[in-house]
Amino acid sequence: MNLSINLNKIALIRNARGQDQPNIENFALSAVKLGVDGLTLHPRPDLRHATPDDVFKLKEICKKHSKELNIEGNPFSQKTQDYPGFLEIIKSNPPFQVTLVPDENNQLTSDHGWDSKYLNSKFFSLIEEHTPTETKFVSIFVDHNFSALNDIKGTIINSIEIYTGPLAKAVEENNKKQLISIQSAISRLVEDAKSAKLKVNAGHDLNLDNLKFLKECAEIDEVSIGHSLIVDALKYGFDATILKYINAVKGYGYY
0 MNLSINLNKI ALIRNARGQD QPNIENFALS AVKLGVDGLT LHPRPDLRHA TPDDVFKLKE
60 ICKKHSKELN IEGNPFSQKT QDYPGFLEII KSNPPFQVTL VPDENNQLTS DHGWDSKYLN
120 SKFFSLIEEH TPTETKFVSI FVDHNFSALN DIKGTIINSI EIYTGPLAKA VEENNKKQLI
180 SIQSAISRLV EDAKSAKLKV NAGHDLNLDN LKFLKECAEI DEVSIGHSLI VDALKYGFDA
240 TILKYINAVK GYGYY
């Protein structure tokens with residue numbers, strides 16, 4: 000399983016002072032040198048954290064260090080005075096992977112996957128038209144009970160990211176019945192997705208305590224972790240936290 004770390008929260012702290020501390024490039028460099036597989040950013044239209052300029056900076060770092068850049072966003076996010084539009088961002092800085100999320104412009108965080116009613120020919124044509132050829136994976140954010148894999152068969156979509164918020168909540172609340180139900184659904188979805196030759200990612204609210212419950216489900220290709228990692232970095236330090244998450248994701252058995 001690969002680990003991509005989301006650095007949005009570093010950008011959020013930086014933006015609180017309107018300066019360049021903490022410097023997102025320095026933290027990105029530390030992470031890649033410690034062994035993460037990739038970096039993730041979600042540049043939202045309100046620019047509350049990651050910016051288009053951050054995408055450019057991390058693209059250069061990933062290119063230099065042979066790491067994977069994953070850019071998240073809503074393909075329908077339009078251009079504003081300060082925001083070039085999501086599709087323009089990925090066109091200007093082609094990432095290794097694009098993860099498409101159905102977030103509203105003012106949404107606090109990604110908290111649900113795509114409704115299958117939006118996954119139509121118009122949607123796929125738009126994505127295919129604007130996805131750079133350098134981008135190897137186009138992923139859509141889906142709920143653990145997603146049942147529309149047939150709708151994306153034969154399209155430009157070659158990956159899914161499973162929203163793991165409900166799994167994390169079940170673990171936190173020690174709701175074993177709900178956890179077993181969610182794990183079963185994830186297992187079925189992963190099996191079906193793999194049968195359809197799709198890459199399978201997962202993310203949201205994952206941390207050192209609940210990762211093992213996700214790993215019990217099936218062979219996930221990649222997890223993207225941001226908020227919890229930065230919270231843990233406040234306790235353990237950034238470098239030590241990166242190593243803890245690498246160990247947890249890779250299954251080295253100590254963290």
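The numbering of the sequence shown is numbering that gives the first Met the number 0, which starts it at 0 and goes up by one.
Don't be surprised by glycine CBs; every beta carbon is placed ideally from N, CA and C.
Runs of the alpha helix (DSSP H) lying entirely within the segment 48 to 118 and spanning at least 4 residues, in chain order: 51 to 64 and 85 to 91. The C-alpha of Asn25 is placed about 18 Å away from the C-alpha of Tyr235. In the DSSP assignment, Ser183 falls outside any beta strand (DSSP E) and within the unbroken alpha helix (DSSP H) covering Lys175 to Ser194. A distance below 6 Å between beta-carbons, with the five flanking residues on each side excluded, links Lys66 to the following residues of its chain, in chain order: Val31 and Gly37.
Straight through space, the alpha carbons of Lys249 and Ile9 are spaced by roughly 24 Å.
Looking from the CA of His48, the closest CA among Leu33, Glu128, Lys78 and Arg16 belongs to Arg16. Between Leu33 and Ile224, the CB-CB gap reaches or exceeds 7 Å.
Taking Asp238 as the centre and dropping the five residues before and after it, the same chain places the C-beta of Ser29 and Leu33 closer than 8 Å to its C-beta, in chain order. Of the candidates Ile229, Ile60, Ala192 and Ser76, the residue whose Cα lies closest to the Cα of Ile161 is Ala192. With three or more CB-CB distances shorter than 8 Å, the segment 115 to 129 counts as touching the segment 83 to 101. Going by DSSP, Lys198 is part of the beta strand (DSSP E) stretching over Lys198 to Gly202. Within the DSSP secondary-structure output, Tyr251 pairs in no beta bridge. In this structure, DSSP gives Asn22 a state outside helix and strand, which the three-state scheme calls coil.
Beta-bridge partners of Glu221 (DSSP): Asn1 and Asn200. With contacts defined as CB atoms closer than 7 Å, Asn73 and Gln96 fail to qualify as a contacting pair. Of the residues Ser227, Ile181 and Ile155, the one whose Cα lies closest to the Cα of Asn119 is Ile155. Pairing Trp113 with Gln18, the inter-Cα distance amounts to about 35 Å.
By a beta-carbon distance limit of 8 Å, Phe55 contacts Asn92. Their separation comes to about 5 Å. For Ser29, the secondary structure class from DSSP, reduced to helix, strand or coil, is helix. Annotation for Gln20: Arg13 place their beta carbon closer than 8 Å to its own, counting only its chain and skipping 5 residues before and after. It is roughly 44 Å from the alpha-carbon of Leu233 to the alpha-carbon of Gly153. In the three-state scheme derived from DSSP, where H, G and I count as helix and E and B as strand, Leu233 is classed as helix. Taking 7 Å as the cut-off, the Cβ atoms of Ala167 and Asp204 count as close.
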